[in-house]
Amino acid sequence: MANSTSSTSDQSATPHVQARVNDIRFVGYGVQDLEAEKNFYIDAWKLVEVPSDDGLVYLAAPGSSTQYCVRLRQTDEPRIDVISWAAKDEAEVDALFEQVKAAGGKPVTEPGALTGLGGGYGFRFFDISGFTIEVATGFERREPEILADGEPRPEKISHVVFHAPDHKQWVKFYEAALGFKVSDWLGDFMCFLRCNEWHHRMAVVPGPPTFNHIAYDMPGVDAIMKGLKRLRSMDHDVVWGVGRHTAGNNIFSYYLTPGGWAVEYTSDLEKVDDATWEAKVHQPSLETMDQWGVGIGGPQTMPQPKPDTGLFNAPEV
Ligand SMILES: [Fe+2]
């Protein structure tokens with residue numbers, strides 16, 4: 001672990017090369033009906049179960065080398081357990097720990113060996129809303145499947161979206177703590193943030209402190225439409241979409257899991273030059289939100305946000 005230095009919180013210090021996370025690793029959910037949620041993800045959503053003997057359910061996106069992208073745990077109330085971000089090496093993790101503290105994040109664990117499935121090295125902290133956030137490196141990976149174009153199975157996590165009471169403060173926190181960069185705004189209420197060459201890995205909108213949705217990259221529009229057919233035939237019809245957003249230019253389609261969590265099949269997300277991309281402001285309109293305007297539903301058919309029940313209460317695992 002790196003020693004704490006005063007320069008990280010010294011406001012007179014000259015700007016330095018910032019440590020950054022470089023991708024999302026997994027989202028951990030607490031769910032009331034573990035079997036129903038697990039079966040949805042395997043049978044309908046087409047994630048792949050990763051064997052474990054700790055009573056938790058681990059699910060991988062078939063096209064990803066990340067060992068698992070979803071972790072499910074049985075809980076009394078639905079909650080977000082942990083959002084895990086990847087960093088390139090242990091030195092970067094140590095640097096991120098200092099940045100997180102300087103930005104006002106509250107450490108839950110110090111950098112060290114991670115005991116969860118896949119091991120690795122990392123730490124956990126509470127972000128400004130109280131979500132338990134993990135930063136990790138050196139964890140186990142899996143052999144990804146090669147998905148054919150149009151094959152209706154997920155490649156990887158595309159992005160996660162949150163509500164925050166002060167969403168502008170949230171943006172500042174994630175810029176300072178984990179090195180996210182703003183890619184675009186929708187008006188002044190939705191901000192899209194990147195941690196690599198993909199237009200966004202995270203976005204935030206105003207609201208009570210809660211999770212909005214997770215999106216999975218699919219191998220193209222045909223995969224999205226075939227996925228819709230499968231989900232509809234299993235009584236999991238689309239709740240918003242299919243459409244195409246303007247910020248990020250991605251095709252979207254939102255569904256609900258049995259536990260009520262919003263999940264998205266997306267494709268065609270824009271790649272940007274991480275070093276030179278300049279953030280734009282898209283003017284809000286129906287056409288900005290959905291360039292096509294032919295899908296079912298809209299934001300009004302998505303779950304109503306209410307505060308997450310797991311804030312400032314880190315899971316044991
Ligand atoms: Fe999305």
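Take 1 as the starting number for the sequence shown in the working numbering and just add one per residue. For every residue, glycine included, the Cβ atom is placed at its ideal position computed from N, Cα and C.
Taking a contact to mean a Cβ-Cβ separation below 9 Å, would you say H207 touches A164 in this structure?
Note that residue 207 corresponds to Gly in the displayed sequence, not to His. For G207 and A164, yes; Cβs fall inside 9 Å.
Helix, strand or coil at T301 [DSSP, three-state]
T301: helix per DSSP, three-state reduction.
From L193, F189, Y121, residue whose alpha carbon lies closest to that of S183:
Its Cα nearest to that of S183, the residue L193 stands out among L193, F189, Y121.
Pick from G28, W240, Q300 that is closest to P78, judged by C-alpha positions
The candidate whose alpha carbon is nearest that of P78 is G28.
Which parts of the region 57 to 105 are runs of the beta strand (DSSP E), unbroken and 3 residues or longer, counting only runs that do not cross its ends?
List check, beta strand (DSSP E) in window: 57 to 60, 70 to 74, 79 to 86.
Bridge partners - G112, DSSP secondary structure assignment
According to DSSP, G112 bridges with G122.
Quick check: the Cα distance between D217 and E49, rounded to an integer number of angstroms?
Going from the Cα of D217 to the Cα of E49 covers about 18 Å.
So does S129 have its beta carbon nearer than 8 Å to some heavy atom of ligand 1?
S129: no, Cβ never under 8 Å from ligand 1.
Put M202 into one of helix, strand or coil per three-state DSSP.
M202 sits in a strand when the DSSP states are folded into three classes.
Is it the case that the Cβ atoms of L117 and E134 are separated by a distance below 9 Å?
Contact: no.
Under 8 Å: does the beta carbon of N250 sit that close to some heavy atom of ligand 1?
The answer is yes for N250.
Residues that M234 bridges to, as DSSP identifies them
None, per the DSSP bridge assignment.
Specify whether the region 145 to 156 and the region 213 to 227 touch according to this definition: at least 3 beta carbon pairs, one from each stretch, less than 8 Å apart.
Between the region 145 to 156 and the region 213 to 227, the count of C-beta pairs closer than 8 Å reaches three or more; the two stretches touch.
Would you list the one or two residues that DSSP bridges to A215?
H159, E264.
Assign I146 to one of two classes, buried (16 or more other C-beta atoms within 10 Å of its C-beta) or exposed (fewer than that).
It counts as exposed.
Below 9 Å between beta carbons: does that hold for E155 and P219?
Yes, the pair counts as a contact, with Cβ atoms nearer than the cut-off.
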